[in-house]
Each structure stands twice: as structure tokens, then as C-alpha cells.
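Just so you know, we're using the working numbering here: the sequence shown kicks off at 1 and counts up by one.
Here the structure is laid out as C-alpha cells; the discussion comes afterwards.
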Amino acid sequence: MKKKISNNALQAELEALSTRKYKSISKVRGADAVVYTRVSSQEQAENNGSLEVQLKYCNNYAKTNSIQIKEYFGGSYESAKTDGRKEFLRMIEYVKKHKNISYIIVFNYDRFSRTGAAASHISEELSRQGVTVKSVTQDIDTSTAIGRLQENFFHLLNNFDNRLKSDRTIINTKEVMLKGYWPYQTPLGYLNLKPKHRACFHEYVITESGKHLRKGYQMLTERKYFYYEIVDYLIQRGVEISTKNFRNVFSNPFYAGYVTGSLVGGKLIEGKHPKLIDLKTFLAAQDVLNNNPFVGVAKVFRHDEVPLKIFVKDEVSGKPFTGYTARGNWYYKTKDAAIPVNVSSKLLNGLFVNLLSKYEYNPTLKKKFEAILTSELKSRLSGKASDKTLLKKKIAEKQGLLEKAELKYISDQITEDIYNKHAEQLRSEIGVLSKGIDSATLSSSNIEKVVKNCLAISQNLSQAWISADYEKKQHLQKMVFPEGIMYNKQNGVVRTSKVNLIFNEIPLLVSLCAEKEKGDSVKNRLKSNYVPRTGIEPALPCDNQILSLARLPVPPSGPLY
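Below, the structure written as C-alpha cells:
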């Protein structure tokens, strides 16, 4: 005889099933941690004791919070300007491999990375895998939207500070060069007797390799030897030279007693160092090199005339543009496209400058923008928590499906193609749902600080790009448009689907201030449902959107220029 099951027992069983189905899905990891410490230079590592201080505070933090440290990384000098650091990458690989690691403990966020938006992206990816970056001196709860915003702000502000220091260094280096001092790595054939001192105190002497180089110049000007014969002669005598760097070495005016470079615009400045050869011999060597343009010349990938190559794609084919020159003029062209597209570099560069100008604002509006953003953010953030629960459940459900797909892929139950197809769709849906989650409350002082700092660095973008060198152009355009831009030749326009946070609200605010005289106040327009929600995600239609803290302009990863 079957035992009758009570209604309460059935209800409990159903509740257990629904709980497993709808509970928040997250990466199941342990409660262990790794510690990452670093300084920026060898001198700091050897002299200022910062590594020991960082390690001490990280260990104390782990002990206080009952976190077991499984491994230590860093402990040396690594620049945080890029995330190609050996110890940093080794740590990331370790964390991904060991599922018991839930925390990366650092002294503060600038020890983790100073790459700005890139650092935020890395932290976000780690968070999706259940790993949290914990700053000992900036302890915030990054599991909430407000905490994530604060962490992102720290990353971006660190990068901004890094770029300001870089700008100051460039100015100082230029002044040193104008006085005739060489501030860079000691050239081949010389020895710096005071390498630890500032450039204006360096003392250079010519080494044995330098004397052999002098003989190499003589061989070159005699026009009796092939360049590879000169290279072989020098290598046999212990000179560290190759066919690849032959031209760079022998075309350096430093050997004729001069200092020059891009920072001084190619201006020739008489140096304070001893010259290896006289100017007449140096110019004779250049004449030989110029008559044989293929002597030890490496392929040049960077041309100031085409800074948008790879960054711009053809809107029709989706293929990136490369650069080429014809009859003294530079052009962009698509590579491997069914229908080739080419466009003048001046035209495309001009369109991009116009696009940048749309994200600028008149500095006289700064105070007004600060007041508007601060006031509206405070009022918006106070009452936007009602829909978060439902959205979180939907996101958790999608994340659960994504994790199931990952498990099936790992266990070879589905192919890579099927996994990529469904994973991409699920991530897209999660991204759309995530946009609907507004931040909770944020202290008034933090809102004011964020707004003020953001607006301070969002001026004069177009002129900054025009006056920048190739590398700074690349950095600036990627900072503003992380996924690049699309060019439509038929319509003669450029478009973008992803804009960095700081620039997102500027065009809207400028437009609203211009329309204020028509009777539609800025405050009312900000509260309307016509504010497009773009953030750093693809733009959405302008309906039922609000000004969200998630799209608050945060300092981007780059300098003011």
C-alpha cells in the first residue's frame, strides 16, 4: 500500500527544485587567495622597501579575513602601463587554472594595473569566473554595481595619473635633449660611467666596440664592402650588431657628436658626449646607405599618415583597413575583401576628427554640467531598485545556462561550434539584461568627485588627436571607441557602436543645454524617456531609457594630451 504524501511534503519538494533552478549561479570556487605585489622600477625594488610593506599589509588582510594564501606573485619590478607583465600573466593563468582561488589580494588597485579601461575589463572577466580583486587599502564590495563602479573609477584614475606623469616626463626629457644630453639607453660602442644619475650628469667614454664601429664606418665609406661583410667583421670582434639593426646603428647622429629625436622634431643639437667619427665621415656613410635603401631596413608598420588602419573596418564587408601610399599620397584600403574599398587618408582622418568633436563640450559649461549630473544622479539613484530583483533572476538563469554549456563543452558533449554559438547568444542576452540594473545609493561626496574628475578630462578631443603622434593617436582613439569604428563609403560616414563611458553623456548634455531656451528644461529632459542608453555597449533605441549611474562618465584610460 502506497504511503500518502502530504501536500506540505510535495510543496517542499517543488520548492527545492525551483530553488536549484532560480538560485544565483556563480562560479563554484574555494576561499583561497593569491597575493600580487610589484613596484615600477629596479631602483624602487632595491631601495625603498615598498615590496615588503605591500607584502606585510596583504598578509595581515588575509589573516584578518580568514583567507588562506596559496601563492605569491610579483615581488619584483614590473611597469603597470601594460598588462603584458610576466609575473602578472603568470598569476592570471594560475588563478584560472586553480579553482580554489577566489581572491587576488593587492596593496591597492594601482598595484594590480594602471591600464585604465583594460584593467577594468580584466577585473570584470575575473569576476565572471568567481575571482575578486581585493585592495587592502581600498576595501570595497565589488559584488554590487556601486562597488564595481568604484573599482572601475580607481583603475581609470590610476591610468590618468600615469599618463600625467608620462606627459611631465616627456617635457623634462625634451628639455634635457635641447641642452645636448642623451637621456635614453647608452648607444652601442659607448659606456656610461654614471648610469644611476640624471642624464645631465652622464659621462660617456668610447669602448673597444666603439673603436671597431669607427672602423666599420671607414669600411662603409670606402664602398669596397657589402654591408653583411661589415657586420661579420664587427661580430667577429665582439660587437653586438646584426643585419637587422645595421642601418639604425650607422645612421645614428650620436656617433657624429649630435643629439636628436622625435621629441625635438629632428632638430640637430650638439651633444655633450665624445664623438666617435667626424661629421664628414658620418655624412659619407649616410650617402652610401641612401644609395642602398635595402641595407638592414626592417619593415615599418607605423605611419603617421594612416593611424586608423586596423582600427577602422568597412561597414559592408567587416574587413579592416590597411594603409598604402601611391604617388606621394596615402590611402586606406580593405584587405581580402570580396569588393575592395579604398579611401583617401585625408578624407577618412577628417571624418574621424569630426566624430571626435561630437564628444567635446565648451569648458564654460563645466560647472553647469557638474551641477546637472550631480543633482540628477543623486535623485535617480535613490529610487531605482524595484526592478533589480527580477533582472537579477533572469541574469542568473542565463548564467546558469551558460555554465551548463561550458560543462557540456568541457566534457565533450557538444562541439566547439555549438558551444560558441549558444555562448555568444547567452552573453549577449546577459549584457542586455545587465544594462537594466541600476546602481544603488552612492555617497554625495563620491558622486561629486566622480563627476568633477570626469568632466575635467573630456575636452578638446579632436585637436588632441590631430596633434598627437602615432602611438598617442592609437591610444586616444581606442580609449574613446574601444571596438573601433565602421566606415560606409557609399554614404561617406563613420559610425561606432561602442563609446567609452566618459564621452557618452556629453553630446546629450550639450544638446539639452542648447534646447533649454525652447522651454524644455534640462532637468525635465534628463528625466524623460528619450535619453539613449549606450554606455560602452551598442546603442539602443531611445525609448524607455534613463540616465543610469552605470553610464556615469568615468575618467578614461588616457592622458589629456
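Glycine included, each C-beta is placed from N, C-alpha and C at the ideal position.
> Skipping 5 residues on each side, what residues in its chain have a beta carbon closer than 6 Å to that of Val-312?
Replying inline: Phe-321, Ile-485 and Tyr-487
> What does a CB cutoff of less than 8 Å around Arg-427 pick up in its chain, not counting 5 residues either side in sequence?
Replying inline: Leu-402
> Would Lys-256 pass as a contact of Phe-226 if the rule is Cβ separation under 8 Å?
Replying inline: The question names Lys, but residue 256 is Ala in the sequence shown. Taking 8 Å as the Cβ cut-off, Ala-256 and Phe-226 do not qualify as a contacting pair.
>> Whether or not the segment 325 to 343 and the segment 463 to 472 are in contact is what I'm after, with contact meaning three or more pairs of Cβ atoms, one per stretch, closer than 8 Å; do they touch?
In response: no
> Can you name, in chain order, every residue of its own chain whose Cβ lies under 6 Å from the Cβ of Arg-495, other than the five neighbours on each side?
Replying inline: Met-486
> Quick one: Cα of Gln-413 to Cα of Ala-396, how far?
Replying inline: 23 Å
>> Report the start-end ranges of each beta strand (DSSP E) in the segment 188 to 229 that is 3 residues or longer and not cut off at the edges.
In response: 190 to 192 and 204 to 206
>> So, for Gly-180: in the same chain, excluding its five sequence neighbours on each side, which residues have a beta-carbon less than 8 Å away from its beta-carbon?
In response: Closer than 8 Å at Cβ, skipping near neighbours: Val-259, Ile-269, Glu-270, Gly-271 and Lys-272.
>> Please report the straight-line C-alpha distance between Thr-132 and Leu-373, rounded to a whole angstrom.
In response: 30 Å
> Under 8 Å between the Cβ atoms of Val-39 and Ser-50?
Replying inline: yes
>> Using 8 Å as the cut-off, can you tell me whether the segment 228 to 243 makes contact with the segment 207 to 218, which would need three or more C-beta pairs spanning the two stretches below that distance?
In response: yes
> Out of Asn-8, Phe-246 and Glu-151, which has the shortest C-alpha to C-alpha gap to Leu-289?
Replying inline: Phe-246
> Hey, how far is the Cα of Gly-265 from the Cα of Phe-154?
Replying inline: 35 Å
> Which value, in whole angstroms, describes the spacing of the CA atoms of Val-316 and Gln-490?
Replying inline: 10 Å
> Starting from Asn-342 and walking both ways along the beta strand (DSSP E), at which residues does that stretch end?
Replying inline: 342 to 344
> Quick one: what does DSSP say Tyr-419 is sitting in, helix, strand or coil?
Replying inline: Three-state DSSP puts Tyr-419 in a helix.
> Rounded to a whole number of angstroms, what is the C-alpha to C-alpha distance between Ser-345 and Glu-483?
Replying inline: 20 Å
> Quick one: what's got a C-beta closer than 7 Å to Asn-8's C-beta in the same chain, skipping five residues either side?
Replying inline: none
> If we ignore side chains and look at the alpha-carbon of each, how far apart do Val-306 and Leu-476 end up?
Replying inline: 14 Å
> Mind checking whether Lys-368 and Cys-513 have CB atoms under 8 Å apart?
Replying inline: yes
> Using a threshold of 7 Å, is the CB atom of Asn-59 nearer than that to any non-hydrogen atom of the ligand MN?
Replying inline: By its list of ligands, the structure shown contains no ligand whatsoever, and the ligand MN lies outside what it can speak to.
> Considering only residues of the same chain and omitting the five flanking positions on each side of Lys-70, which have a CB-CB separation below 8 Å?
Replying inline: In its chain, beyond the 5 residues on either side, Asp-32, Ala-33, Val-34, His-98, Asn-100 and Ile-101 have a beta carbon closer than 8 Å to the beta carbon of Lys-70.
>> Please state the DSSP three-state secondary structure of Ala-284.
In response: In the three-state reduction of the DSSP assignment, Ala-284 falls in the helix class.
> Is it true that the CB of Gly-210 sits closer than 8 Å to the CB of Tyr-190?
Replying inline: yes
> So is Lys-309 buried or exposed if we call it buried at 16+ other beta carbons inside 10 Å?
Replying inline: buried
>> Between the alpha carbons of Glu-424 and Glu-406, how many angstroms are there, rounded?
In response: 12 Å
> Using the C-alpha atoms, what's the distance from Lys-275 back to Glu-124?
Replying inline: 53 Å
> If Leu-347 and Lys-394 are in contact, beta carbons under 8 Å, what's the gap, nearest whole angstrom?
Replying inline: Their Cβ separation, rounded to whole angstroms, is 45 Å, which puts Leu-347 and Lys-394 out of contact at 8 Å.
>> Can you list, in chain order, the residues of its chain with a C-beta nearer than 6 Å to that of Gly-74? Leave out the 5 residues immediately preceding and following it.
In response: Tyr-36, Thr-37, Arg-38 and Glu-87
> With a Cβ-Cβ cutoff of 8 Å, do Tyr-109 and Glu-151 count as a contact?
Replying inline: Cβ atoms of Tyr-109 and Glu-151: closer than 8 Å.
>> Considering only the alpha carbon of each residue, which of Met-177, Ala-62, Glu-376 and Lys-333 lies closest to Ala-199?
In response: Per the Cα distances, Met-177.
> Ordered along the chain, which non-local residues of its own chain (more than five positions away) have a Cβ less than 6 Å from that of Lys-527?
Replying inline: Low local confidence applies: a pLDDT of 48 at Lys-527 is under 50, so the model's placement there is unreliable, with the coordinate-based value given in what follows. Closer than 6 Å at the Cβ level, and outside the excluded window around Lys-527, lies no residue.
> DSSP puts Tyr-332 in a beta bridge; with which residues?
Replying inline: Gly-323 and Val-343
>> With H, G and I counted as helix, E and B as strand and the rest as coil, what does DSSP make of Phe-73?
In response: strand
> By a C-beta neighbour count over all protein chains shown, 10 Å radius and 16 as the cutoff for buried, is His-202 buried or exposed?
Replying inline: buried
>> If you follow the alpha helix (DSSP H) that Asn-60 is in, where does it begin and where does it stop?
In response: 50 to 64
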